[in-house]
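Here is the structure we will look at, set down as structure tokens.
Number of protein chains: 2
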Amino acid sequence: MTSFADRLAERVAARSSQIVLGLDPDPGKLWPVALEAAPAEGDPAERAATAVAAHCTAVIDAAGEACVAIKPQLACFERLGALGWAALETVTRHAHEAGLLVIADGKRGDIDVTAKAYGQALFGPVQTPFGELPGLQADAITANPLMGRDTLAPLVDAARAAAGGVFVLVRTSNPGAADVEDLRLSDGTPVWERLAAIVAETGEPGAHGLADVGAVCGATAPEHLARLRELMPRSPFLLPGVGAQGGRVEDLLPAFAPGPAGGLIAASRSIVRAHEQDGGDPATAARAAAESLRATAWSLV
Amino acid sequence: MTSFADRLAERVAARSSQIVLGLDPDPGKLWPVALEAAPAEGDPAERAATAVAAHCTAVIDAAGEACVAIKPQLACFERLGALGWAALETVTRHAHEAGLLVIADGKRGDIDVTAKAYGQALFGPVQTPFGELPGLQADAITANPLMGRDTLAPLVDAARAAAGGVFVLVRTSNPGAADVEDLRLSDGTPVWERLAAIVAETGEPGAHGLADVGAVCGATAPEHLARLRELMPRSPFLLPGVGAQGGRVEDLLPAFAPGPAGGLIAASRSIVRAHEQDGGDPATAARAAAESLRATAWSLV
Chain U
0 MTSFADRLAE RVAARSSQIV LGLDPDPGKL WPVALEAAPA EGDPAERAAT AVAAHCTAVI
60 DAAGEACVAI KPQLACFERL GALGWAALET VTRHAHEAGL LVIADGKRGD IDVTAKAYGQ
120 ALFGPVQTPF GELPGLQADA ITANPLMGRD TLAPLVDAAR AAAGGVFVLV RTSNPGAADV
180 EDLRLSDGTP VWERLAAIVA ETGEPGAHGL ADVGAVCGAT APEHLARLRE LMPRSPFLLP
240 GVGAQGGRVE DLLPAFAPGP AGGLIAASRS IVRAHEQDGG DPATAARAAA ESLRATAWSL
300 V
Chain H
0 MTSFADRLAE RVAARSSQIV LGLDPDPGKL WPVALEAAPA EGDPAERAAT AVAAHCTAVI
60 DAAGEACVAI KPQLACFERL GALGWAALET VTRHAHEAGL LVIADGKRGD IDVTAKAYGQ
120 ALFGPVQTPF GELPGLQADA ITANPLMGRD TLAPLVDAAR AAAGGVFVLV RTSNPGAADV
180 EDLRLSDGTP VWERLAAIVA ETGEPGAHGL ADVGAVCGAT APEHLARLRE LMPRSPFLLP
240 GVGAQGGRVE DLLPAFAPGP AGGLIAASRS IVRAHEQDGG DPATAARAAA ESLRATAWSL
300 V
């Protein structure tokens with residue numbers, strides 16, 4: 000079975016894209032086509048979940064060709080309850096059929112037995128006395144390392160068993176990153192350098208030199224990227240924060256040092272809501288925005 | 000609307016209990032009564048989810064009277080897919096009907112717009128163009144503070160709007176706590192002291208003096224409890240790690256300084272699997288184990 004690192008490198012090369020399509024569906028801001036897909040009446044949860052799934056599949060159909068992966072935000076599906084989780088499964092299948100990888104963005108982290116359960120939930124399979132359950136079958140997940148190495152290990156084990164990957168929070172894109180991640184340790188280095196060291200030691204490189212444990216590094220603090228790359232020479236970086244949050248693709252060059260798949264640029268609002276800025280119908284605007292971002296990023300490597 | 004802090008204080012007093020019943024259902028280790036409740040054949044996910052819900056409701060019926068709350072582990076439901084989330088909703092309703100608070104243990108944490116979605120998912124309600132969705136209707140949640148204050152704020156806002164509470168990870172019960180939480184900062188204090196300061200400044204006290212933002216503090220490191228209480232004088236502590244993980248109730252005294260509800264003792268395996276050690280049928284053994292733990296803890300305050 001080809002490792003996640005190699006699958007990622009090959010998929011990025013084949014699609015000439017490092018763009019990760021963020022899917023954070025808000026029931027109040029869906030594309031018109033999604034509203035039309037929902038049943039006209041009945042259970043609000045069923046109508047909302049149907050519309051959210053239709054929205055995400057429409058976004059994938061419009062912009063997916065310029066992307067290498069989708070990144071569904073688990074919170075946005077969980078808020079719809081059980082039917083929201085079913086919508087997440089539908090969207091995952093649709094992305095796979097479109098040749099896209101799926102990075103389940105839930106930022107999970109917990110003690111060993113619980114981390115193992117999260118690994119089963121997101122990668123699958125789940126053995127039960129009633130038969131095997133598939134789990135979500137994500138290709139990669141995001142994880143929170145606050146609780147330490149023994150909470151990451153079961154997620155990485157589950158990932159490897161499914162040829163999947165894990166992106167660990169290291170230095171995020173939000174202002175609050177200053178509160179804990181940026182704290183100075185007794186040796187003068189920030190906490191995020193220690194998180195980077197954990198990522199570097201946990202990842203295993205594949206045939207293309209890329210590791211199967213990556214890092215979430217906000218595109219809003221490009222001044223840290225060179226140091227992050229020095230600390231994690233082989234880790235793929237998942238880079239949120241481009242577009243709506245203010246990050247610029249041109250500032251992400253150090254991410255691509257280990258190859259084109261070294262930096263994955265996550266964008267959601269700037270693609271899904273491109274029509275609000277650029278006009279036109281949502282699908283056409285999203286396709287153009289994704290292709291523009293793809294071309295800009297690809298020109299850097 | 001009475002705040003979570005006051006609801007918690009009143010509920011602990013009324014039930015003479017600080018015990019939180021941890022529900023981490025493993026489909027391979029369910030009570031026999033749960034296996035019997037599952038359909039004899041059909042979809043494995045439906046059978047597993049039915050059995051898991053039956054297991055949890057049976058555990059609540061057996062041991063709930065000695066407890067003040069349940070703490071369902073979200074990972075264990077998510078691994079069953081959409082029907083697992085439906086089982087979580089069933090278990091939450093059953094706990095409420097039994098007079099128990101529900102602490103949804105998912106250790107969530109994400110940027111503002113996503114944290115808001117998690118708040119909607121776990122506390123509800125969720126406004127959609129199709130009508131209002133209820134969300135899980137938990138009374139409290141656990142949260143991960145790595146990404147900083149601006150990621151906690153939307154969770155706390157959602158909690159307060161629902162008279163709910165948030166328990167923030169500060170110093171956890173697992174060995175890996177040493178990797179990040181225990182790192183020494185430039186002023187010589189560990190990272191967890193900074194997390195404790197964030198919790199202390201975020202919580203708002205109710206009429207009973209207890210705050211609505213609490214801390215997850217592992218019962219396996221009682222040497223830190225006095226300092227944690229000093230840093231967070233009004234925060235309720237959620238204390239996992241008693242029993243299977245090695246923590247002792249007798250060592251938790253500093254937690255109770257602000258009153259009986261200052262320390263909530265989370266126990267799962269030591270109650271749910273008491274029959275494996277003590278013999279007898281699972282329900283009787285669970286009831287006795289929970290009552291014994293309750294009496295020991297209550298005698299301390």
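Residue numbers (numbering that gives the first Met the number 0), protein chains in the order written: chain U, 0 to 300; chain H, 0 to 300. Don't be surprised by glycine CBs; every beta carbon is placed ideally from N, CA and C.
Under a Cβ-count criterion, where at least 16 other Cβ atoms within 10 Å of its own Cβ denotes burial, should residue i be classed as buried or exposed?
| i | result |
| --- | --- |
| U/A86 | buried |
| H/R247 | exposed |
| U/P259 | buried |
| U/E200 | exposed |
| U/D280 | exposed |
| U/P133 | exposed |
| U/G213 | buried |
| U/G187 | exposed |
| U/S185 | exposed |
| H/D104 | buried |
Could you check which residue in the options has the C-alpha nearest to that of residue i?
| i | options | result |
| --- | --- | --- |
| U/A254 | U/W297, U/L224 and U/D277 | U/L224 |
| U/G27 | U/Q119, U/R233 and U/V51 | U/V51 |
| U/F236 | U/R10, U/R228 and U/Q276 | U/R228 |
| U/G245 | U/S269, U/P257 and U/G262 | U/S269 |
| H/V125 | U/A48, U/A214, U/V169 and U/P144 | U/A48 |
| U/A284 | U/I59, U/D181 and U/E45 | U/I59 |
| H/E203 | H/P174, H/T219 and H/R233 | H/R233 |
| U/C216 | U/L230, U/R92 and U/T91 | U/L230 |
| H/T219 | H/D250, H/L209, H/S267 and H/E192 | H/D250 |
| U/E131 | U/W191, U/V112 and U/G123 | U/G123 |
| H/E275 | H/L263, H/I264, H/A265 and H/A288 | H/A288 |
| U/R226 | U/A8, U/G240, U/V241 and U/L252 | U/L252 |
Check whether chain H comes within 8 Å of residue i, counting only Cβ atoms and requiring the distance to be less than that.
| i | result |
| --- | --- |
| U/V125 | yes |
| U/A266 | no |
| U/I18 | no |
| U/C75 | yes |
| U/L79 | yes |
| U/R272 | no |
| U/I59 | no |
| U/Q72 | yes |
| U/L185 | In the sequence on display, residue 185 of chain U carries Ser and not Leu. Yes, because at least one Cβ of chain H sits closer than 8 Å to the Cβ of U/S185. |
List the endpoints of the continuous alpha helix (DSSP H) containing residue i.
| i | result |
| --- | --- |
| U/L7 | F3 to R14 |
| U/Q119 | D111 to F122 |
| U/L34 | P31 to A36 |
| U/V90 | A81 to E96 |
Grab me the residues of residue i's own chain with a C-beta within less than 8 Å of its C-beta, minus the 5 sequence neighbours each way, in chain order.
| i | result |
| --- | --- |
| H/I110 | M146, D149 and T150 |
| U/D25 | C75 |
| U/R293 | S15, S16, Q17, I18, A65 and C66 |
| U/L99 | L20, I59, G63, C66, V67, A68 and I69 |
| H/E45 | P38 and L82 |
I need the boundaries of the beta strand (DSSP E) containing residue i, first residue and last residue.
| i | result |
| --- | --- |
| U/G164 | G164 to R170 |
| H/C216 | V212 to C216 |
| U/A103 | L100 to R107 |
| H/P71 | A68 to P71 |
| H/A265 | G262 to A266 |
| H/Q126 | V125 to T127 |
| H/P132 | Looking at the sequence shown, residue 132 of chain H is not Pro but Leu. Here the beta strand (DSSP E) through H/L132 covers G130 to L132. |
| H/V19 | I18 to L22 |
| H/A139 | A139 to A142 |
| U/L237 | F236 to L238 |
Cβ of residue i less than 8 Å from any chain U Cβ?
| i | result |
| --- | --- |
| H/I197 | yes |
| H/W30 | no |
| H/D149 | yes |
| H/F3 | no |
| H/G134 | yes |
| H/V11 | no |
| H/Q119 | yes |
| H/F315 | Because chain H spans 0 through 300 in this model, residue 315 of chain H falls outside it and cannot be assessed. |
| H/E131 | yes |
| H/I69 | no |
| H/I110 | yes |
Can you list, in chain order, the residues of its chain with a C-beta nearer than 6 Å to that of residue i? Leave out the 5 residues immediately preceding and following it.
| i | result |
| --- | --- |
| H/T89 | A52 |
| U/L22 | C55, I69 and P71 |
| U/E301 | Residue 301 of chain U falls outside the range modelled here, since chain U spans only 0 to 300, and no answer is possible. |
Tell me which same chain residues have a C-beta within less than 7 Å of the C-beta of residue i, skipping the five on either side of it?
| i | result |
| --- | --- |
| U/H54 | P24, L29, W30 and A33 |
| H/A196 | L230 |
| H/A162 | M0, T1, S2, F3 and R6 |
Please tell me whether, using a cut-off of 7 Å, the distance from the CB of residue i to the nearest non-hydrogen atom of the ligand FAD is below it.
| i | result |
| --- | --- |
| H/V155 | The ligand FAD is not part of the structure shown, which contains no ligands of any sort. |
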